[in-house]
Amino acid sequence: MFRKFDRDQRITIAIFAAIAVVVLVLALSIKKSAGFNTILLGLFYGCQYSLIAMGLSIIYSSTRVINFAQGELSVLGGAFFLTFVQRASVPMLLAFILAVLVVASIGALFERAAIHPLKDSSIITMIIMTIGFSIFLRGIIKWVWGANALPVEPFTHGPPLHFLGATVERQSIWVFGFTFLVVIAVYFFFNRTLLGKGMRAAAENPDAANLVGVSPSRSSLIAWTMAAALGAAAGVMFAPKTLVSWDQGVWLGVKGFSAAVLGGLGNVMGAVVGGLTLGVLEFVVLMFIKPEYQNIIALSVLIVVLLLRPQGIIGKTESLTV
Amino acid sequence: MTTSGSGNPPATANRSEKEKSLKHLARDNSDYVILLVVSLFLLTVPIWADYVSTFIMDAMIEAGIFAIVVIGLNLLFGYAGQISLGHAAFVGIGAYTTALLCTRITGFPTWFALILGGLLAGLIGLVIGIPVLRLKGHYLALATLAFGLIFTELLKTQNSVSNQSNGGIGGIPNFSIFGLTLKSKIMSSTGYYLLIWIIALLVVLFTINLIRSRVGRGLRALHSSEIAADTMGVNTRNYKVKVFVISAVLAGLCGGLWALSSGRIEASMFDLRYSILFVTMVVIGGMGNIWGGMMGAIALTFITKILELQIPQWIPNRPSWLADPGNIAVVLYGLLLILFMLFLPKGITFGLSRLGTFSKQGGSRVKDRLRAIRYRGG
Amino acid sequence: MADDIILEIDNITKMFGGLAALKDVEFSVSRGEIKAVIGPNGAGKTTLFDVLTGVQRSTSGRVFLKDIDITRTKPHRITELGMARTFQTVKLFEGMTALENAMVGCHSWTKRGFISNGLVLLWALAEERRIYQHAFEVLKDVGLGTRAAELGTNLPYGQMRMLEMARALASKPEILLLDEPAAGLNPYETGELSSLLLKVRESGVTILIVEHDMGLVMDISDEVVVLDYGEVIARGTPAEVQNDPRVIEAYLGIEA
Amino acid sequence: MFWKKRGFKLFVVVMVVTTASLLLSAGCKPKKASGAEYKVGVVISTTGPNGPLGTPEQQALTLYEKQLNDNGGINGRPIKFIILDDASDPTKASSAMTDLVKSQNVLAVIGSSGTGTTMPMVDIAQQANVPLEACAAGIKVTTPTPGGPPNKWVFRTPPTDAMAAEKVADYLASGLKVKKVAILYDSNPFGSSGNEVLKALLPTKDMEIVSDQSYETKATDMTPQLNNVKGTDAQALIVWGTNPAPSAIAKNMKQMGMTIPFVGSHGIANMTFVEQAGDAANGAVFPAGRMAIPESIPEGTEWRDVVDKFRADFKAEYGSEPNTFAGHGWDAGVIIANALKISGEDRSKLRDEIENTKDFAAVDGVFNYSTKDHNGLNADDLIMVKVVNGQWQWLKY
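Those sequence lines, one after another, are chains A, B, C and D. Numbers 1 to 322, taken from the working numbering, label the letters of the first sequence in order. Numbers 1001 to 1378, taken from the working numbering, label the letters of the second sequence in order. Numbers 2001 to 2256, taken from the working numbering, label the letters of the third sequence in order. Numbers 3001 to 3397, taken from the working numbering, label the letters of the fourth sequence in order.
(1) Using a Cβ-Cβ cut-off of less than 8 Å, give me the residues of the stretch 3269-3283 of chain D that come near chain A, in sequence order.
(2) With 7 Å as the threshold, decide whether the Cβ of Arg1214 of chain B is near any Cβ in chain C.
(3) Since Met3256 of chain D and Thr167 of chain A should fall inside the 8 Å C-beta cutoff, what is the C-beta to C-beta distance between them, to a whole number of angstroms?
(4) By the criterion of Cβ-Cβ separation under 7 Å, what are the contact partners of Ile2131 of chain C in chain B?
(5) Below 8 Å, how does it come out for the stretch 1334-1354 of chain B and the stretch 132-149 of chain A: are there three or more Cβ pairs, yes or no?
(6) Could you tell me the boundaries of the alpha helix (DSSP H) in which Asn3378 of chain D lies?
(7) Are there any heavy atoms of the ligand PLP lying less than 6 Å away from the beta-carbon of Glu282 of chain A, as far as the coordinates show?
(8) Please identify the residue among B:Gly1078, B:Gly1263, B:Met1295 whose C-alpha is closest to the C-alpha of Ala1063 of chain B.
(9) List the endpoints of the continuous alpha helix (DSSP H) containing Trp224 of chain A.
(10) Where does the unbroken alpha helix (DSSP H) through Gln3276 of chain D begin, and where does it stop?
(11) Pair every Cβ in the stretch 3113-3133 of chain D with every Cβ in the stretch 1259-1274 of chain B, then say whether three or more of these pairs are closer than 8 Å.
(12) At which residue ranges does the stretch 3248-3307 of chain D contain complete alpha helix (DSSP H) runs of 4 or more residues, listed in the order of the chain?
(13) Identify, in the order they occur along the chain, each residue of the same chain with its Cβ nearer than 7 Å to the Cβ of Lys2074 of chain C, setting aside the five sequence neighbours on each side.
(14) If I measure Cβ to Cβ from Thr3301 of chain D and keep anything under 8 Å in the same chain, skipping five residues before and after, which residues do I get?
(15) With DSSP as the reference, label Met3222 of chain D as helix, strand or coil.
(16) Under the DSSP definition of a beta bridge, which residues are partnered with Trp3240 of chain D?
(17) Pick out whichever of B:Gly1092, B:Ala1229, B:Leu1085 has its Cα sitting closest to the Cα of Ala1251 of chain B.
(18) Of all the options A:Val305, A:Ile184, A:Ser220, A:Phe84, which has the alpha carbon lying nearest to the alpha carbon of Glu111 of chain A?
(19) Would DSSP call Ser1160 of chain B helix, strand or coil?
(20) What does Val2055 of chain C touch in chain B if you count any residue whose Cβ is under 9 Å from its own?
(21) Give a yes or no on whether the minimum CB-CB distance between Ala1141 of chain B and chain A is below 7 Å.
(22) Residues of the stretch 3226-3250 of chain D in Cβ contact with chain A at a cutoff of 9 Å, in chain order, please.
(23) Output the residue ranges of the alpha helix (DSSP H) runs that lie fully inside the stretch 240-284 of chain A and measure 4 residues or longer, sorted by chain position.
(24) At the level of alpha carbons, what is the spacing between Ser2108 of chain C and Asn2117 of chain C?
(25) Look up Asp3212 of chain D in the DSSP assignment and give the residues it is bridged to.
(26) If we define contact as Cβ-Cβ less than 7 Å, is Ala1150 of chain B a contact residue for chain D?
(27) Tell me, please, whether the stretch 1101-1116 of chain B touches the stretch 1168-1178 of chain B by the rule of three or more beta-carbon pairs shorter than 8 Å.
(28) Quick one: Cα of Ile131 of chain A to Cα of Met3097 of chain D, how far?
(29) Classify Phe1178 of chain B as buried or exposed, calling it buried when 16 or more other Cβ atoms lie within 10 Å of its own Cβ.
(30) Keeping to the same chain, check which residues put their C-beta closer than 6 Å to that of Gly3191 of chain D; ignore five residues upstream and five downstream.
(31) Can you check DSSP and say which residues form a bridge with Lys2111 of chain C?
(32) Leaving out the 5 sequence neighbours to the left and right, which residues in its chain are closer than 8 Å to Gln2056 of chain C when beta-carbon positions are compared?
(33) Starting from Ala3219 of chain D, find everything on chain A with Cβ-Cβ shorter than 9 Å and list it in chain order.
(34) Going by DSSP in three states, Pro3030 of chain D sits in which element: helix, strand or coil?
(35) Give the straight-line distance between the Cα atoms of Ile1169 of chain B and Phe136 of chain A, rounded to the nearest whole angstrom.
(36) Return no unless some Cβ of chain D is closer than 7 Å to the Cβ of Thr179 of chain A.
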């Protein structure tokens, strides 16, 4: 995670921060309150990307697998939430927890059924495996919840809040608060708890895994469960805003990849930075260039970072390309 | 690998038999024999297909088009061990090049446009491949994925080129060469069927030659251990890029044929779904198996077509769970990908081709699976 | 003298993070000799080979093969220049027969590419025939002629090592780098190995060998270089080295 | 002796697979048109983005097939709609129509729901000389070149994008009497073509476009664009797109306390918009076929009777009010059946009869096809609808 950066990192971070500041100042000065509003919006969606990217990074760091189904898991979370609330009229909070639990267990199930048995097989196998899982989930979601985008009630009703000339929906307050809590929790888990530290050690040096008492198998299972849970949480929190639709998973996943790579694949806290950055970037593009180019920019970022700095903005310099 | 490495003669056999087995090993022509038989068989299809169902020919045309790109991808995945999740983009590049040339320039020779499409795709493949193939595994997958997505996004935004707002580029002329013009698919499928499958079979021939040659061994070596291959004198970087370019050229070719045969192209024909479909075809057909690409393309095209077009006609009023049979194909493919990776990583072609031998070599199924899994450790 | 030096290693240093795996290693191999590099485990022998064959890049220092600077050259190019190697941990190609493994070795002196092979042009066919014959010859030389049709990875361990050597020899090297060829061989096989090595040397191939089996080293090598903690601590004829106090000290406790 | 080798087994495999697929497909060998029933192909988007359009169309057609055949069909012969879903995917639409035309040799084809999916079907109709009754609004469907002659074999039931745009422009000019408008359009084909039409049309009614922005089809928050609109002195906002994005826009406007009128396109003329936007939908105005509000059709006219009957029957069958898309589907069926009465089993005769449809009162309006006009309707067959507490109301102006 963070802590003692080498020189190379500091430079990158500095440059990066500089650019960020310039952009923000620009945005704020040119578009005033509108600019501020847009940036808030960027951060809002950034939270979604962050949560997805965190999941991806957790899985990657402990199993060296990229989960191409992360986006679908997220949609699945929203879908279950919708069902619990609207069909079974379960109270919101309970429905939230239930949805997350269900999806988490699905993630765990998949890990045991498909990832664990092939843990030391080639990367291609793993990629195809998770791609298969994503296709499968997409189909199931369409099958069960139908092809139309389904609306979901926001957590709390009421008029939006205004401050500094920006309009903020109540839902986004929930999202910001919740994401913050999750990030803190995850950080705490990986830095304070024995298990989390063990998983990190195991991730950094697989041979040492058994020394720190966390078997790769166990940490892989935990990682997948956590990732699925994070995805689901994101899905639930954004369902009222984005509606629930079977075909959202692909782009969610892609944005997640961009965010995760931006923050350095496997760097969980980096994923948060990456996600927020990507969110803001997208909306700055929308404001200054053209809305259609949002996605293109997000993707270009992915490619550029992959080629120039595969270890991410704050990642340590290590050749991943050999 | 079907080329050789198949027959393992018992260690006890005497010298002369060895020599024979070696001759067989060096010049195992079974692939050519199959190619011949398969070609002959495919040539007969137009004669009887329509008596069974007119949908066969159209399905086979599509299968043939996909076979061309999938065979290329199989070289990339199965032999060179590199993955690409963006090949639909190369198909698109080929398709748009061909379409634009033929529609914007009146009387532009279609066959030439087809070739140019393939070449341009290859060129872009080179430009993309050189930097991107420095990446490994997941990073490569992500980069190619992003590339593919960017392509479709660009098509959607660049209306002046893609004419998306009016349903894509239409009125693409039919393929014509030496003054003879093919009938459009809707009038008679035979013309395009022959054109496409002849090209597809030539591509298969090319791959067989390649795989059996020095180059093929180099690729398989690089797949197995890059360092070892390199120290044995295989220029791995160079090989990866070349295979990538070849697969791109084939994709471009496939795109051109798709554009000409369907008469109209638009962005959604080249989006992520197809890149993934191609991957699925490679995997289910059999990675690293010369016939895998073809088998995968045919099998999946037929499954899809039957579910999307035939089921609704057989069962007009369906129960709600069967309301959208096309979606069942999606679920099925997802499941198949997972199951194949778990139990039949070498694909149906390998699996079926072994069925016969299971009885003879008891329990070899298990052994194969274990070995296969061990192999994929590389 | 200088003209029949085939491989010259000039102050090679290789750092891993903080610590040095190789420190100012400097020696040369002259044409036709069998030189052994010995040293306790972790002395940096394999690292040295990796640096020499371009698998790893040295931090400083240079390597000359036939007076050509190959310090920054790619492995495949080095093989083409006439230096082949085997690996300490067998790296045979999966799913390929013994013969095919050897045929891959022929890459360095063949050149037909994708197009000519894909279109089976005549010259490509001719080349294939040459490859096949040469590879089969080499297999016979190492005594695997009868095993040619078997999957390399299915061979018994000893024969795998032999196959690795065959694969390296198939590239028609002028100098052969062997990384612990005798590891895991039984005495009989080791005997065969040493006679094979001598035969190879007869055919004019220089050999640089890393080996733990002192017996083998003493039998065949003309000169021995002793590495310890990445430094050359002694060099000379086997006899000289054996009595060198520093060598004995280095080996004490490790292989007493 | 290759049959000893794996190669031969592989060959066997190829054979097995192919024969297997053949056996499978053998099932769909068309029963040679026994002369019993008139086969009409239907390719619509019951799933995918255009699902909300295609589903009611399918319902209406199924209903019509049932009704017609219960009442003795056409000249005593039943009609059969072979309905295929194109999942809003042009490629699927194309292969579906190909299959219907070739293996089912249908007399005519209905569909598809969206312009994107209909275009390839138009190509096929023109090549194979099969009458196509489209349910898509894109102007290019019937008129390849602006002002040029219509596609010989292609007709349509819904009002065109152009008509909708015309209606909207008319409403802005004479209804709202605004001079400055802002446009917010979807970057997909529907939106961008609509935007082109509007940009050409509005100035002619001396209105100024003060802001012209697009949004990404999947976008779920348009606050930034709306902020730009806020910055201008626009008196009304035209939103040209299909669900769900417009509902998000409506929500945003409510949050930002924007009060200028929300004028939508016919692309949101279904209840999905109201469901998704919730109470933010209130006040939204958009063009829709008169059938949506029967009162808008003069009492006693044949058209009114048709609409009333249709609404009643549809509600009886499916328990929900039909929307305009159901009307498009129904009319396509009715027009073809009507033409079949005279033409009989002959595609080109059928085409001519469809072209001869004159003063034919259907659900969407009174159809008048001619050699020059394959759209049949005009802007007056549309009305402006306003959402008032979740319900549609006829907006007279």
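From the three backbone atoms N, C-alpha and C, an ideal C-beta is built for every residue, glycine too.
In terms of the structure at hand:
(1) Against chain A - using a Cβ distance shorter than 8 Å - the residues of the stretch 3269-3283 of chain D are Thr3272, Glu3275, Gln3276, Gly3278.
(2) Closer than 7 Å to some Cβ of chain C, the Cβ of Arg1214 of chain B qualifies, so yes.
(3) Yes, Met3256 of chain D and Thr167 of chain A are in contact; Cβ-Cβ is about 5 Å, under 8 Å.
(4) At a beta-carbon threshold of 7 Å, the residues of chain B lying near Ile2131 of chain C are Arg1214, ordered along the chain.
(5) Segment contact: the stretch 1334-1354 of chain B against the stretch 132-149 of chain A, three or more CB-CB distances shorter than 8 Å; contact assigned.
(6) Here Asn3378 of chain D belongs to no alpha helix (DSSP H), and DSSP marks it neither H nor E.
(7) Questions concerning the ligand PLP fall outside what the structure shown contains, since it holds no ligand whatsoever.
(8) In terms of Cα proximity to Ala1063 of chain B, the closest of B:Gly1078, B:Gly1263, B:Met1295 is B:Met1295.
(9) Its alpha helix (DSSP H) spans residues 216-242.
(10) Unbroken alpha helix (DSSP H) run through Gln3276 of chain D: 3271-3277.
(11) Flag = yes, the stretch 3113-3133 of chain D and the stretch 1259-1274 of chain B touch.
(12) Listed in chain order, they are 3271-3277.
(13) Excluding sequence neighbours, Lys2074 of chain C sits near Gly2054.
(14) So the qualifying residues of the chain are Ala3361.
(15) Note: Met3222 of chain D maps to coil in three-state DSSP.
(16) Partner(s): D:Tyr3185.
(17) B:Gly1092 is the residue among B:Gly1092, B:Ala1229, B:Leu1085 whose C-alpha sits nearest the C-alpha of Ala1251 of chain B.
(18) Looking at the Cα atoms, A:Ser220 is the closest of the given residues.
(19) If DSSP states are grouped into helix, strand and coil, Ser1160 of chain B belongs with the helices.
(20) By Cβ distance, chain B contributes Ile1227, Asp1230, Thr1231.
(21) With respect to chain A, the C-beta atom of Ala1141 of chain B has a partner C-beta closer than 7 Å.
(22) Hits within the stretch, in order: Asn3227, Asn3228, Lys3230, Gly3231, Asn3243, Pro3244, Ser3247, Ala3248.
(23) Counting only runs of 4 or more residues that sit fully inside the stretch 240-284 of chain A, the alpha helix (DSSP H) segments are 249-263, in chain order.
(24) Each residue's alpha carbon lies about 16 Å from the other.
(25) BP columns for Asp3212 of chain D point to D:Ile3183.
(26) For the record, residue 1150 of chain B in the displayed sequence is Ile; it is not Ala. With 7 Å as the cut-off, Ile1150 of chain B does not count as an interface residue toward chain D.
(27) Counting Cβ pairs under 8 Å, three or more are found: they touch.
(28) So the alpha carbons of these two residues sit roughly 31 Å apart.
(29) Exposed, since its Cβ has fewer than 16 Cβ neighbours within 10 Å.
(30) These residues qualify, in order along the chain: Tyr3185, Trp3240, Gly3241.
(31) None; Lys2111 of chain C has no bridge partner.
(32) Excluding sequence positions up to five before and after Gln2056 of chain C, its CB lies within less than 8 Å of the CB of Lys2014, Thr2047, Asp2050, all in the same chain and listed in chain order.
(33) Neighbours of Ala3219 of chain D in chain A, taken as residues at a C-beta separation under 9 Å, are given in chain order as Leu286, Pro291, Gln294.
(34) Its pLDDT being 41, under 50, Pro3030 of chain D is placed unreliably in this model, and the coordinates cannot settle the point.
(35) Note on geometry: alpha-carbon atoms of Ile1169 of chain B and Phe136 of chain A lie some 33 Å from one another.
(36) Thr179 of chain A is outside the set of residues whose beta carbon lies under 7 Å from a beta carbon in chain D.
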